[in-house]
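Residue numbers (full-length UniProt numbering): 1 to 50.
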């Protein structure tokens, strides 16, 4: 499964940038964000039907 992770602006909470990663990468990214107090929004990524 893939997830879209959006980094949120510190002031108003709008999405600043986003990336799509696999499930194995989510934990690492969340830990890095938590260490510096960064706000994230994580949701399942849209994947094209096979």
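Every residue gets a Cβ at the ideal spot worked out from N, C-alpha and C, and that includes glycine.
Bear in mind the structure is a predicted one, so any value in this text is a computation, not a measurement.
Other residues of its chain near residue 33: CB distance less than 8 Å, five sequence neighbours each side excluded
7, 39 and 40
Spatial neighbours of residue 23 in its chain, beta-carbon cut-off 7 Å, leaving aside the 5 residues before and after
Annotation for residue 23: 1 and 3 place their beta carbon closer than 7 Å to its own, counting only its chain and skipping 5 residues before and after.
Exposed unless 16 or more other CB atoms sit within 10 angstroms - verdict on residue 36:
Under this definition residue 36 is an exposed residue.
Express the C-alpha separation of residue 45 and residue 28 in angstroms, rounding to a whole number.
17 Å
Where does residue 35 fall in DSSP's three states?
helix
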